[in-house]
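Heads up, the thing below is written out as C-alpha cells.
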Amino acid sequence: MAFTAQEGHIPSALSILTLVSACFTEFKFQETNHEFILSKGHGCLALYAVLANEGVLSKNELNEFCQFTGRLGGHPDSAKVPTVVTSTGSLGHGLPFGCGMAAAKKASGDGSGFVIVLIGDGECNEGTTWESALLASQLELGNLVCVVDYNHSGDRAIDLDGLDRKWQSFGWRTEVIDGHCVSSVKDTLKSATISDSRPTVVIANTIKGKGIKEMENNPAWHHSKLSHADYLKFSRELLR
Amino acid sequence: MRSVFQQVVSSAVAERDRLALFLGDIGVYGFREVLRDYPSRAMNIGIMEQSMVSFAAGFARSGFRPVMHTIAPFLVERGLEQLKVDFGYNGLGGVAISVGAPFDYSKLGATHHCPGDLEIIGSIPTAVIKVPVSLTSLARHLKESLTGVGFHYLRLSEENVEDELELLGITPYGYERHKPGAESAVVIVGVPPKGLLDFLLATDKNLHILEDFRHVGLLVEQLIGLRVDVIEYAYEGSTARYFSSLETPVLFHGINREFIHDYGEISDLRKLNSLDVASLSQRLK
C-alpha cells in the first residue's frame, strides 16, 4: 500500500498492528455491538490490513490506498468505509467521541457492548484526552476501553513519565502491557471487559516502526516515502 | 429567548427518548428538571466545549439527536474543529445552540463576543444556519431542528422584535414586506434594534429578514434588479457569498472587523458599529 501510493505513516502502523489485530480478533466488531475507534488515524495502514484480513476489504482494494478513486485514504473516512465509526486524523477527537458512544450505550437501556478507542502517546498531549478521562470516570463508563499506543514518539515534546499513574489519578483502571505480545494484548483486552464501573486504559508499550530495524524509533521515517530498494529490503525483513 | 429555548428543549427531551442535551455549564439552572429527570442523556458536561461536541457526536453516531449549548465563542470558535470533523465530515446530525452572539454580553469584553459565528459555521458545508429574531420563530425553528436531520446551528439572542413583526409576512427564510414599485430592498440578518423595523416599514423599500439560511435562494430571487442593503448583526460581509449572484449593487452594513475594547449596553455597541437606528437611517437614505 505505502509503496504503491508513496504515502502513509508506516512506523505508526507497525507500532499498532498487533493491537489492532488483537482488538478485531477479541471483539469481532463485524458480528457484535462492540465498537472500535482508531483515534490516531494516521496509523490507518494497520487498520486497512486488518480489515482486509478480516474480509471486510478485498486485498485488491489495498492497492487503491490513497488513489483518487479509492476508498482508503491517508486517514480513515467514515463516509467511505462503513466499518470506520468516525473519521479521524485530527488527534484528540476519538476518545471524547468514544465516551459519547459508551454513554449512549448506557442511555439506550440495552447497555451491552464495549467501545474501544486506540490513541497514541502524542495524543495524550491533547487537552480533550484528559477532559475525556475526567468525563468517563465521572460517568462511570465501565464499557469504555482506551488503548494507548505508548511508542514514546511524543517524548521529544512532553515526557509522559508515569503515564499509568496519571490515568489512575483520573479514576481509571489501568493495565500496562507489551503491545507487541499477542497473548498479552488479548488477555488484557479480555480482562478489560470484566464488569467494573471504571473505564479501563491499556497502556501498551510499543516500538514505533516495529519489525524494520532502520525505522524503529527513528523519527526520520515518520512520514517518509519508500524507494523501490527500501520496499524490497523492508519486505524481506518483515517476512523473515 | 432563553426561556423559550428551555421550554421547547425540555419538553422535547421529555417526549423523545432519542433526544439528548449537553450543556457547557451554561443554562444549567433553567434545565435543572431535565438534568434531574433524564441524567443518562441530559447532562451538564462542564467547561470542556471541544470534548462536549465530540461526546455529542458519539451520541449522534449511536442514534441520538444531540443538542449542544453554551456561549457562542466557546461553542463556535473553540469547538469548531470538532463541529467540522465530528459532525460535518462524518455527516452526523445534531443541534448546536449558541447564546451571546454577536456581542450580547456587551459588558464582558471581546472574549465573550462572537461576531464571526455565521461565517465560521458557514464554513462547514453541511451546516444549516438559523438566526431567529422573534420568540415565535425561535420556537418554530427549534422544533424543526430538534426533529430534523443534519447539523443545525441556532443563534439565541438577548433581544427580539416579536412585537414589531405585525406588518410582515412569514416566508420559508424568515419575514418580508413588499412595497409596490420598490426600487431597493433591505435585508436584515440577526435581531435588529427596536425601532429599526418601524423606520424601514415607513420607507418605500422592500424589507426582508433572513432567519433560515437554507432558503436564502428564495430571498435572492426577490432581490433581482433592486439595489440591496444588507444589515448584518455579524461581521460585515459575513453573508456576502449568499448575494454574490446579484448584478445590482449590494451594500453590507455589519460589525467592523476590529476587537471591541468598549463595554456598556448592547445598544452602545450597536452605535459603536453604526448599526443603531439613527446611524442606519442615515446610511440607508
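Residue numbers (our numbering), protein chains in the order written: chain W, 736 to 975; chain H, 115 to 399.
In this text, a Cβ means the ideal position worked out from N, Cα and C, and glycines have one as well.
8 Å Cβ cutoff, residue i in contact with chain W
| i | result |
| --- | --- |
| H/G207 | no |
| H/D151 | no |
| H/E258 | no |
| H/I140 | no |
| H/R155 | yes |
| H/A235 | Sequence check: residue 235 of chain H is Ile here, not Ala. No, its Cβ sits nowhere closer than 8 Å to a Cβ of chain W. |
| H/F178 | yes |
| H/I159 | yes |
Contact under 8 Å by Cβ, residue i with residue j
| i | j | result |
| --- | --- | --- |
| W/L786 | W/L792 | yes |
| H/A348 | H/L270 | no |
| H/V305 | H/V344 | no |
| H/Y267 | H/I302 | no |
| H/H255 | H/I211 | no |
| W/I854 | W/L870 | no |
| H/V167 | H/D200 | yes |
| W/G778 | W/A748 | yes |
| H/V342 | H/T362 | yes |
| H/G172 | W/A839 | yes |
| H/G192 | H/Q164 | Residue 192 of chain H is actually Arg in this sequence, not Gly. For H/R192 and H/Q164, yes; Cβs fall inside 8 Å. |
| W/L773 | W/P817 | no |
| W/S872 | W/W907 | yes |
| H/E325 | H/P216 | no |
| H/L315 | H/L281 | yes |
| W/Q765 | W/E789 | yes |
| H/E290 | H/H322 | yes |
| W/N798 | W/S847 | no |
| W/A740 | W/Q802 | yes |
| H/I380 | H/E273 | yes |
| H/S154 | W/A842 | yes |
| W/T753 | W/H915 | yes |
Close-in-space but distant-in-sequence residues of the same chain around residue i (CB under 6 Å, 5 per side omitted)
| i | result |
| --- | --- |
| H/V148 | S124, V127, A156 |
| W/L807 | Y783, F800 |
| W/S938 | Looking at the sequence shown, residue 938 of chain W is not Ser but Ile. The answer, listed in chain order, is V883, Y885, L898, D899, V911. |
| H/N320 | H292, K293, A296, A299 |
| W/G824 | G776, H810 |
| H/K221 | Y377 |
| H/K198 | I238 |
| W/T976 | Residue 976 of chain W lies beyond the stretch modelled for chain W, which goes from 736 to 975, so this question has no answer here. |
| W/S888 | G857, K943 |
Contact set for residue i: own chain, Cβ-Cβ below 7 Å, skip 5 residues either direction
| i | result |
| --- | --- |
| W/M836 | E770, V850 |
| W/A737 | G743, I745, L780, L961 |
| H/F366 | V344, E346, E350, G351, A354 |
| H/V364 | V342, V344, F357 |
| H/S395 | F313 |
| W/K794 | A787 |
| H/Y152 | V127 |
| H/I234 | V190, E191, L194 |
| W/Y966 | F738 |
Contacts around residue i, its chain only, beta-carbon distance under 8 Å, and the 5 residues preceding and following it disregarded
| i | result |
| --- | --- |
| H/P239 | G202 |
| H/V334 | Y356, F357, S359, L360 |
| H/L332 | T285, P286, Y287 |
| H/S117 | G144 |
| H/L206 | A171, A174, R175, D200, F265 |
| W/T760 | K921 |
Distance between beta carbons of residue j and residue i, contact taken as under 8 Å
| i | j | result |
| --- | --- | --- |
| W/L852 | W/G833 | This sequence places Val at residue 852 of chain W; Leu is not what is there. Contact holds; Cβ gap of about 4 Å. |
| W/I947 | W/E972 | 6 Å |
| W/E875 | W/S926 | The pair is not a contact, with the Cβ atoms about 18 Å apart (cut-off 8 Å). |
| H/A99 | H/G208 | Chain H is shown only over 115 to 399; residue 99 of chain H falls outside these bounds and no answer can be derived. |
| H/A186 | H/G214 | 5 Å |
| W/A757 | W/V920 | 4 Å |
| W/L895 | W/D856 | 6 Å |
| H/R132 | H/F169 | Not quite, the Cβ-Cβ distance comes to about 16 Å (not below 8 Å), so this is no contact. |
| H/E278 | H/L311 | 4 Å |
| H/C228 | H/V190 | 6 Å |
Chain H within 8 Å of residue i, Cβ atoms only
| i | result |
| --- | --- |
| W/L782 | no |
| W/S867 | yes |
Contact residues within the segment 823 to 848 of chain W, judged by C-beta distance below 9 Å to chain H | From the segment 823 to 848 of chain W, only T823, G824, S825, G827, H828, G829, L830, P831, F832, G833, C834, G835, M836, A837, A838, A839, K840, K841, A842, S843, G844 have a Cβ closer than 9 Å to chain H.
Chain-ordered residues of the segment 809 to 820 of chain W with a beta carbon less than 7 Å from chain H | Listed in sequence order: S813, A814, V820.
Determine which residues of the segment 181 to 215 of chain H have a Cβ less than 7 Å from any Cβ of chain W, and write them out in chain order.
-> Residues passing the 7 Å Cβ filter: E195, Q196, V199, D200, Y203, N204, G205.
Can you list, in chain order, the residues of the segment 864 to 892 of chain W whose Cβ is nearer than 7 Å to any Cβ on chain H?
-> Those residues of the segment 864 to 892 of chain W placed with their C-beta closer than 7 Å to a C-beta in chain H are E866, S867, L870, ordered along the chain.
Residues in the segment 163 to 175 of chain H having any Cβ partner in chain W nearer than 7 Å = If the cut-off is 7 Å between Cβ atoms, the segment 163 to 175 of chain H has Q164, S165, S168, F169, A170, A171, G172, F173, R175 near chain W.
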